[in-house]
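One structure below.
2 protein chains.
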Amino acid sequence: MNQLHKSINEKVEISEQDFNEFLALTKPTNIKKNDFFINEGDVAKYIAFVNTGVLYSYYIDDKGNKHVIQIALENYWISDLFSFLSNEEAIFNVQAIENSEITIISKQSFEKACDTIPKMERFFRLLIQNAYINSQRRISKIYGASAKERYLKLVQSHPQIVQRVPQHYIASYLGIKPQSLSRIRKTILE
Amino acid sequence: MNQLHKSINEKVEISEQDFNEFLALTKPTNIKKNDFFINEGDVAKYIAFVNTGVLYSYYIDDKGNKHVIQIALENYWISDLFSFLSNEEAIFNVQAIENSEITIISKQSFEKACDTIPKMERFFRLLIQNAYINSQRRISKIYGASAKERYLKLVQSHPQIVQRVPQHYIASYLGIKPQSLSRIRKTILE
DNA sequence: GCTACACATTCACATATGTTAATAAATGTA
DNA sequence: TACATTTATTAACATATGTGAATGTGTAGC
């Protein structure tokens, strides 16, 4: 059972046959460090499952500042879901932080999977639901906690991210400047 | 055509018949100012559509601070969607800010509607999708902008909220203290 | 109409994060 | 290996928001 199969199976029990049918609709792809998976302004044609490596999504605000939205390690999905689902222009960029192996699914295949494999429709609905829930919870936590607390929580819940992702991405994900994260890390060491 | 019908019709074209079938699954309810629609720790049994009035959701953090998550005026839906969909304990409270007329739907009716009225299943999926998208966009904007900018954006996009909702709720929604909002409003007037 | 209570404003001071700039360390590439 | 580039650290100072307390203003209920 490969990673994708395992990951789907965690949410819905899926038969070998259904999974293979789904797998036939996907495409394994390599993406090099710093290459773009999605460009802001384009319509997101794919969603990606990360087999190995790291991708991240971010957007550039009016003032030209970059804000990291999501960091996807192995076994996570990433895209500009809004754009993918609505066919409108993406507002996020998605880019590889490391050379990565991903499995991608086109909009067309996604819809076919939803139409013909009920378990997969259910899976994707749960995926969106969870994405929403996490997003809500993240908002609720952003406000409550200081940058230091947010960093410590990230270290605790996603040590892998802290180990493998350059600090300035993490700073941006936490909503602070790299210098501030550096200062915060210093106070933690003491 | 009542507000609920109109609101659904904005997302999916629904026949009179389908709508009436759906309506039969709902229950009009009055809720008084400061009454709870959902209590943190309970499972959210209903979602609510606001016909008149205002409800809001919030959570209380470890330190006892209250954080407003959503403010729902007329034509908006509100609940702890996570709890409603997953049957787990709610982490948010939902409470009326004004005496309000709402239309509520139980989990059972929600599922029945999804099973028997395809348009309604589609509607609810879109509702969750949109909730997710708004949530994502909200995160992306929290970090980019100062409290003053966030307030000005709220005034522009939801003037009704600013007019009708007490300031300390708005401050909390923006992630700042009432005193800070007061100070910010003063600088805007100058 | 009074009284109490919630809400809003203002101020002085504390604190966290931003900004700018210099430097050091790490990494990629010729 | 050496050089250029990116990333991380540090410091001094600027700014925004928090905190606590006092005061003012409105509003609900008696």
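So the protein lines, in turn, are chains B and R. The numbering of the first sequence is the numbering used here, which starts it at 2 and goes up by one. The numbering of the second sequence is the numbering used here, which starts it at 2 and goes up by one. Here a beta-carbon is modelled for each residue, glycine too, at the ideal position from N, C-alpha and C. Since this is a predicted model, take the numbers as computed values, not measurements.
Contacts with chain B at 9 angstroms (Cβ-Cβ) include Y144 (chain R). With a cutoff of 9 angstroms on beta-carbon distance, S136 (chain R) and F93 (chain B) are scored as not near each other. Boundaries of the alpha helix (DSSP H) harbouring P179 (chain B): P179 to L190, taken from the DSSP string. Counting along the chain, no alpha helix (DSSP H) covers L56 (chain B); the unbroken beta strand (DSSP E) around it starts and ends at L56 to I61. Boundaries of the alpha helix (DSSP H) around K120 (chain B): P119 to G145. Within its own chain, the residues whose Cβ lies closer than 7 angstroms to the Cβ of F23 (chain R), once the five positions on either side in sequence are excluded, are A114, I118 and M121, listed in chain order. When rounded, the separation of the alpha-carbon atoms in F111 (chain R) and L26 (chain R) is 8 angstroms. From the beta-carbon of D62 (chain B), the residues of chain R found nearer than 7 angstroms are G145. Inclusion of I105 (chain R) and K149 (chain R) in the CB contact set at 9 angstroms is not warranted, their separation being larger than that value. In the DSSP secondary-structure assignment, F111 (chain B) is not bridged to any residue. When 7 angstroms is used as the limit between beta carbons, H68 (chain B) is near these residues of chain R: S141, Y144 and G145, in chain order. With contacts defined by Cβ atoms closer than 9 angstroms, Q130 (chain R) and I129 (chain B) form a contacting pair. The C-alpha of Q18 (chain B) lies about 57 angstroms from the C-alpha of Q164 (chain R).
Taken in chain order, the members of the stretch 86-100 of chain R whose beta-carbon sits within less than 7 angstroms of a beta-carbon on chain B are L86. If you draw a 10 Å sphere on the C-beta of D81 (chain B), you find 16 or more other C-beta atoms in it, and that means buried. Chain R places a beta carbon closer than 9 angstroms to that of I129 (chain B), counting this residue as a contact.
Rounded to whole angstroms, the separation of the alpha carbons of T30 (chain R) and I103 (chain B) is 49 angstroms. One thing to note: E75 (chain B) has its Cβ within 9 angstroms of the Cβ of V51 (chain B).
Nothing from the stretch 40-52 of chain R brings a Cβ to less than 8 angstroms from some Cβ of chain B. When only Cα atoms are considered, L182 (chain R) and I39 (chain R) end up about 28 angstroms apart. Along the stretch 148-171 of chain B, none of the residues has a CB nearer than 7 angstroms to a CB of chain R. Judged by their CB atoms, I171 (chain R) and Y152 (chain R) are nearer to each other than the 9 angstroms cut-off. Within the model, the alpha-carbon separation for F125 (chain B) versus A132 (chain B) is close to 10 angstroms. Within its own chain, the residues whose Cβ lies closer than 7 angstroms to the Cβ of H169 (chain R), once the five positions on either side in sequence are excluded, are P179, listed in chain order. Listed in chain order, the non-local C-beta contacts of E90 (chain B) below 8 angstroms within the same chain comprise E41, G42, D43, V44 and S84, local neighbours out to five positions each way being set aside. DSSP lists no bridge partner for P160 (chain R). Distance from the CA atom of N3 (chain B) to the CA atom of I98 (chain R), rounded to whole angstroms, is 51 angstroms. Straight across, the Cα-Cα distance linking Y174 (chain B) with H68 (chain B) is about 7 angstroms.
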